[in-house]
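Residue numbers (my numbering): -18 to 415.
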């Protein structure tokens, strides 16, 4: 092998070693054993809970996990983890092991260990970002408030609520009672549902149809919803399903009759075909949609998660709810006759980890603002709020090179100098010989 080739191999070996050392030094790792993940409270049948998280010397990409049994999941699947005003990471719903509520929406009966009565058994994952590296030590906390839905069962059952981190906290037991059966004599409108997610600003508006096997819904049946002028909300016509959109009214798990199948643990499997619908018209105050297929003649409760809403009068927000949501809803037969009509006044629960902050929304000013004076000289550019700035800035993925370059670049420099000196010396020796 030529001497030059040996030098090249030596250089590449050193560089590879430097990169490998850097990667192993800065690689993200599971630090569950180094953190204190201490559940502090479980209340209201697992709906509300809180956890304290503390540790030291964490770095970007490091993660830790905890287990939650039959307590509410985080709305939207994630929430920010903050310390001293900095977002230092996120807490995610990493895995779902079982979901007793979702079992009721299935139609094929199962009897495995994940089909026992309960709510959701899941794994939470804490993932740190680069901001955590500013702090040698940190202490943070997270609280959650979300609907915690348990299985519908055909007999009384007791279920434990629990969070397992560095320590284990057991909440109050939840007693599930036998779910009543439905027997609908005629097709009508049910109560509309609504929710707001304070973690991401999402919302739902959910019209409900109670179908009787005596009067199955026919293709061409329409639902018309009109928001009152004095209502606290309006439809968000950008996020709501657009005109022409095909969507479905899901058969809810409340659709339990004497013939609904049940598994060995007493859990009902009440799933079945949904109602297909199409959006006909949409504005901030009115929605019309139409059922596009005839429904089978069965008793069932059907609901569509098809609309989003905006708060226009925040003075109606109190006790974690948006109140005074007023609207008229009609169920209209294909021939234009009214099957059922309701004037409703409902409230929407606010779920998430920022309920109190979200509830501080207030009614917009009624008086017009005076126009801002024309500046006498050029003004500096206005900085975007933190979230908008993050969206506007295109960032390269974190490959790990940002940290390893501190070792790689000096290695290149040193090896370059050594190589130059070596070949210069070799040339001088040849000159002397010649």
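Beta carbons: idealized from backbone N, C-alpha and C, even for Gly.
query	result
Cβ pair residue 321, residue 170 closer than 8 angstroms	yes
Among 25, 18, 37, nearest to residue 128 - alpha-carbon criterion	25
Inter-residue spacing [alpha-carbon to alpha-carbon] between residue 109 and residue 23	25 angstroms
Beta-carbon proximity list for residue 331, same chain, < 6 angstroms, skipping 5 on both sides	177, 179, 301, 339
3 or more residues per run - each beta strand (DSSP E) lying fully within the stretch 220 to 276	227 to 232, 256 to 263, 267 to 272
Own chain residues within Cβ distance below 6 angstroms of residue 29, not counting five before or after	126
Under 8 angstroms between C-beta atoms of residue 428 and residue 98	What is shown of the chain runs -18 to 415, which leaves residue 428 out entirely.
Residue 106 and residue 75 closer than 8 angstroms at C-beta	yes
Check whether residue 166 and residue 195 have beta carbons under 8 angstroms apart	yes
Residue 84: first and last residue of the uninterrupted alpha helix (DSSP H) it sits in	81 to 84
Residues near residue 239 in its chain [Cβ-Cβ closer than 8 angstroms; skip 5 each side]	162
CA-to-CA distance, residue 117 to residue 218, given in whole angstroms	47 angstroms
Identity of the residue in 234, 266, 260 nearest residue 87 by Cα	234
At least 3 beta-carbon pairs within less than 8 angstroms: the stretch 219 to 233 vs the stretch 248 to 261	yes
The ligand FAD heavy atom lying under 7 angstroms from the CB of residue 233	Because no ligand of any kind appears in the structure shown, any question about the ligand FAD cannot be addressed here.
Cα-Cα separation, residue 19 to residue 120	11 angstroms
Under the three-state DSSP convention, the category residue 42 falls into	coil
Residue 212 vs residue 323 beta-carbon contact at 8 angstroms	no
Per DSSP, cross-strand counterpart(s) of residue 64	67
Residues near residue 95 by beta carbon distance below 7 angstroms, same chain, minus five either side	78, 79
Own chain residues within Cβ distance below 6 angstroms of residue 275, not counting five before or after	199, 200
Minimum C-alpha distance to residue 221 - residue among 192, 204, 290, 69	290
Per DSSP, cross-strand counterpart(s) of residue 299	302
Cβ shell of residue 148 (< 6 angstroms), same chain only, five flanking positions each side left out	19
Residue 377 burial status per 10 Å Cβ neighbour count (16 or more: buried)	Only weak support is given to the placement of residue 377: the predicted model assigns it a pLDDT of 35, under 50, and the question is left unresolved by the model.
For residue 321, the first and last residue of its enclosing beta strand (DSSP E)	319 to 332
Proximity to residue 124 [Cα-Cα], best of 261, 132, 54	54
Those runs of the beta strand (DSSP E) which lie wholly inside the stretch 91 to 156 and span at least 3 residues	101 to 109, 118 to 126, 138 to 140, 143 to 145, 149 to 151
Identified DSSP bridge partners for residue 33	19, 122
Between the CA atoms of residue 133 and residue 312 - distance to the nearest angstrom	28 angstroms
One or two residues paired with residue 171 in a DSSP bridge	189
Helix, strand or coil at residue 13 according to DSSP, with G and I counted as helix	helix
Identity of the residue in 57, 153, 34, 92 nearest residue 15 by Cα	34
CB-CB length for residue 297 against residue 155, believed under 8 angstroms	With a Cβ gap of about 31 angstroms, residue 297 and residue 155 do not count as contacting.
Reference residue 159; option with closest CA among 247, 13, 295	247
As assigned by DSSP and simplified to three states, the class of residue 281	strand
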